[in-house]
Every structure is written in C-alpha cells, then in structure tokens.
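Engineer: Here the sequence shown is numbered in the working numbering, starting from 1280 and rising by one per residue.
Even for Gly, the Cβ is constructed at its ideal location relative to N, Cα and C.
The structure displayed is predicted, hence computed values, not measured ones.
Next up is a structure, given as structure tokens.
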Amino acid sequence: MNKIVVGLSGGVDSSAAAAILHHQGYEVIGLTLWLMKGKGQCCSEGMIDAAYICEQLGVPHHIVDIRDVFQTNIIDYLVDGYSTGITPLPCSQCNKTVKFGPMLQYARENLECDRIATGHYARIQHDPATGRYQLLRAFDRNKDQSYFLYDLSQELLAGSVFPLGELQKSETRRLADEYKLKTADKPESQDLCLVESNGSMRAFLDKYLAPKKGDIVDTSGKILGEHDGVHHYTIGQRKGIGIAAAEPLYVIALDAVNNRVIVGDRTKVTEPECTVERVNWVSIAEPSTPILAEVQIRYRSTPVPVTVIPLENSRVRLVFDEPQFSITPGQAAVWYEGEKVLGGGIIEQTVNSEQ
C-alpha cells in the first residue's frame, strides 16, 4: 500500500511530486514515457533529467516506449483534425489514452502497484455518498490543470494521486530547491510538447500537411484573398489573416471541403450556444435533466454561467447566459460547480455551423 509509481517528465513539477512522496516515506518508482524523439520535457532531454532525479532520490527508474501510441492517439489525431478544419486539443486526449492509462496499466502489470502520481495541479477526493471520485481545481488557480483532466475515468481517478494539488507553484519551487533537485530552476514549458519540439504548431503541421492554396472569403462568398492551407487557421483568429479591411476581420469558419477560410467581423464569431460530443461525466453521474454550471471553453478562458442540457450518445448542448466569443470545434468545454469538475467534452458545433 506504500508503493507508488510517479510519472516523471523531467520537469520541476513531476520531480517535486516524486521528492515529496519519497520524503513522506512512500516507496517511489519513477516512470517516464518515451513519447517522441527530439527536444523538450517529454522527449530526450526530459528522460535524461528524469533519470537524474531518480538517481538523486535513490529510486528505480523505468522508461516505457509508447511512441506508437503517441503517434496514433496524438499526432495522427491532430493532423486529421486540422486537415478537416477543426482545432483539436491534444492534452486531454493525451492524459487519458497516452499517459494515465498506460502508466497505471504498466504499474499494475509490471510493478505490482495500483497507484500512480503525477505533477499535475489538481485534486481528487472520494464522495462516500455517491461512491464517485471527484476531480477538483488546484489551490493555485493560476496553475490549475483540471481542465485538461476532465476525460479521466473513475478507474483512473481512483488510482491517481496529485501531490501538488494543495500547493502554490512558488511552494513547489521552494521544495524542489530544498530537496536540491536538479530541475529546481528548470524553466517551465510554455507550449504543447509538439510545439516545443517543432518550434511552432505551423512547423509541426507542415511536416504532415502539404500547402494547399485556396480562397479567403466573406460571409457572402466574396473573395478577399488567398490562403495556403486551412490547417493554418483557427476560429476566432484575427492576426495573420493578411487582409486589409476597414474593421478587424476574424476567422469565423473553416470550410475544408471547399478549401475556404471564411472571415467576418467580431459579431460573427460570437455564439449563444453549442453542442459538445464525447462527454465524460466526472464528479457526478450523467443527469437526466438540464443543470446549471459554469463552463470554460478554453484553458485560460473565464468560467461563465451555462445551462448544460443532456442529449443522446454522450452529447450535451451548452446554452450560455451570455453569447461567447470564439467557440472552437475540437477544443474542450469543461463545466464546473465551484471547485468541482462536473464533466467535459469536445466542442462539436456552434449554432452557425449547424445551419
């Protein structure tokens, strides 16, 4: 019961999580997933630093090669999504299918251990009244990562521990320095791992998707300019469109079938509702009637009041109290009750895209 496997990326957060548990008396086993080649915290550099941390703590370190899983579930998923005109969010998909699932499976099958820990900023608690494991925001709201963890199943939540959930980031740094960890002063990754590894999302996508010139049009179909691939654009984008106009233009739709980027003024990118697919109910069981909540439609967006209306086939309709700007198909919508994650899913359609 005192054994725990800690996922180590080579960053300060996962290093501190391992050190905290080690100093609390747990039998820590380090585990690093080999996701891809190249630079970055989850790549070659990260594996080296993770191995060094395990050496510092005097604990074993395992490296599991899951590059094929990462290729299928993340790289192919991203490329396919961008090619069809959506903007996929890889992190929640990665957490469930690439990180937590494989880590817990490896721990059980190879290390005789039923618990894993990571350096994520979030909290888990068990509700004895319902028997469900609840996912809560971290104490440090600036670092809270519950948005990216909404898709974790009850089984994965039951087997996971987040040692940093009640810490401020400054406390994590202080503890890493106190434990003299090699990664104590390591800068944080500011981008997706694929962006960090390739320099930009555009550079990453250009490795897989060839340029394909097409028209930039307004809502009436009038040609305003030319683009070199719909995968270079996202809903709500204003900068980098390359068209001079009397008022700011935003990307309001991506028509991959006809290879068109459709632009308009800000009002055209503001919607009163949307549908969400692939919904995972986290802290509560799926309701049979509408519920009131607060929702984030992007990681850094402000939570706003919403009515969540359950639909068939793991879908919901979100009706916002106030219309929202830049609702982007492929991104995650996650709804909360206070600190508690109720559920989340992938934005499917807005009102305009359904018409």
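According to DSSP, is I1588 helix, strand or coil?
Structural biologist: DSSP places I1588 in strand when its eight states are reduced to three.
Engineer: Report yes if the CB atom of D1328 is closer than 8 angstroms to the CB atom of T1462, and no otherwise.
Structural biologist: For D1328 and T1462, yes; Cβs fall inside 8 angstroms.
Engineer: With a threshold of 16 other CB atoms inside 10 Å of the CB of L1571, please say whether the residue is buried or exposed.
Structural biologist: Counting Cβ neighbours within 10 Å, L1571 comes out exposed, since fewer than 16 surround it.
Engineer: Can you look up L1471 in the DSSP assignment and give me helix, strand or coil?
Structural biologist: Looking at L1471 - three-state DSSP - the assignment turns out to be coil, as it is neither helix nor strand.
Engineer: Return the first residue and the last residue of the beta strand (DSSP E) that P1551 is part of.
Structural biologist: Counting along the chain, the beta strand (DSSP E) containing P1551 begins and ends at 1549–1560.
Engineer: Whose C-alpha, out of P1527, D1507, Q1610, is nearest the C-alpha of V1558?
Structural biologist: Measuring from the Cα of V1558, the nearest candidate turns out to be Q1610.
Engineer: Less than 8 angstroms between the CB atoms is what I'm expecting for I1332 and L1287, so what's the real figure, rounded?
Structural biologist: Yes, they are in contact, since the Cβ atoms of I1332 and L1287 sit about 6 angstroms apart, within 8 angstroms.
Engineer: Would you check if there are 3 or more beta carbon pairs closer than 8 angstroms linking the region 1364–1379 to the region 1420–1440?
Structural biologist: Judged by Cβ distances under 8 angstroms, the region 1364–1379 makes contact with the region 1420–1440, as three or more pairs qualify.
Engineer: With which residues is E1334 paired in a DSSP beta bridge?
Structural biologist: Bridge partners of E1334: none, in fact.
Engineer: According to DSSP, what are the bridge partners of T1311?
Structural biologist: For T1311, which the question treats as bridged, DSSP gives the partners I1342.
Engineer: Return the residue from the list R1577, H1405, T1549 that minimises the CA-CA distance to V1530.
Structural biologist: The candidate whose alpha carbon is nearest that of V1530 is T1549.
Engineer: Excluding the five sequence neighbours on either side, which residues of its own chain have a C-beta within less than 7 angstroms of the C-beta of A1296, listed in chain order?
Structural biologist: Here the set comprises V1285, A1396, T1397, G1398, P1442, L1443.
Engineer: Do you know offhand how far Q1628's Cα is from S1562's?
Structural biologist: Near 25 angstroms, if we compare the C-alpha coordinates of S1562 and Q1628.
Engineer: State yes or no: is the C-beta of L1446 within less than 8 angstroms of the C-beta of F1418?
Structural biologist: Against a cut-off of 8 angstroms, the Cβ pair of F1418 and L1446 comes out as a contact.
Engineer: Would you please state the rounded distance, in angstroms, between the beta carbons of W1313 and V1343? I believe it to be under 8 angstroms.
Structural biologist: At roughly 7 angstroms, the Cβ-Cβ gap stays under 8 angstroms, so W1313 and V1343 are in contact.
Engineer: Looking at C-beta atoms only, is the number of pairs between the region 1350–1360 and the region 1408–1425 that lie closer than 8 angstroms three or more?
Structural biologist: Verdict: no, contact absent.
Engineer: In whole angstroms, what is the alpha-carbon distance linking Q1634 and K1619?
Structural biologist: Bear in mind that a pLDDT of 39 at Q1634, under 50, signals an unreliable position, so the model cannot answer this.
Engineer: With a threshold of 8 angstroms between beta-carbons, can W1560 be considered close to chain D, or not?
Structural biologist: You won't find chain D in this structure, because it holds only one protein chain.
Engineer: Which of helix, strand or coil does DSSP assign to I1354?
Structural biologist: DSSP places I1354 in helix when its eight states are reduced to three.
Engineer: If I measure Cβ to Cβ from G1289 and keep anything under 6 angstroms in the same chain, skipping five residues before and after, which residues do I get?
Structural biologist: Q1320, G1325, D1328, A1329.
Engineer: For P1608, does the count of other Cβ atoms within 10 angstroms reach 16, so buried, or fall short, so exposed?
Structural biologist: By the 10 Å Cβ count, P1608 comes out buried.
Engineer: Alpha carbons only, please: which of Q1404, F1349, S1605 is nearest the one belonging to Q1575?
Structural biologist: Comparing Cα-Cα distances from Q1575 to each of Q1404, F1349, S1605, the minimum goes to S1605.
Engineer: Could you tell me which of E1467, A1482, R1411, A1524 sits nearest to G1622, measuring between CA atoms?
Structural biologist: It is R1411 whose Cα lies nearest to the Cα of G1622.
Engineer: I need the boundaries of the beta strand (DSSP E) containing R1596, first residue and last residue.
Structural biologist: First-last of the beta strand (DSSP E) with R1596: 1594–1604.
Engineer: If you measure between the beta carbons of T1513 and T1366, is that distance less than 8 angstroms?
Structural biologist: A contact, by the Cβ cut-off of 8 angstroms.
Engineer: Taking the alpha helix (DSSP H) that D1485 falls in, what are its first and last residues?
Structural biologist: Unbroken alpha helix (DSSP H) run through D1485: 1480–1485.
Engineer: In the DSSP assignment, what are the bridge partners of N1504?
Structural biologist: The question names Asn, yet the displayed sequence has Gly at residue 1504. According to DSSP, G1504 bridges with I1495.
Engineer: Under a Cβ-count criterion, where at least 16 other Cβ atoms within 10 Å of its own Cβ denotes burial, should L1590 be classed as buried or exposed?
Structural biologist: With fewer than 16 other Cβ atoms within 10 Å, it is exposed.
Engineer: I believe V1595 touches G1624 by the beta-carbon criterion, under 8 angstroms. Please report the beta-carbon distance rounded to the nearest angstrom.
Structural biologist: Correct: roughly 7 angstroms between the Cβ atoms.
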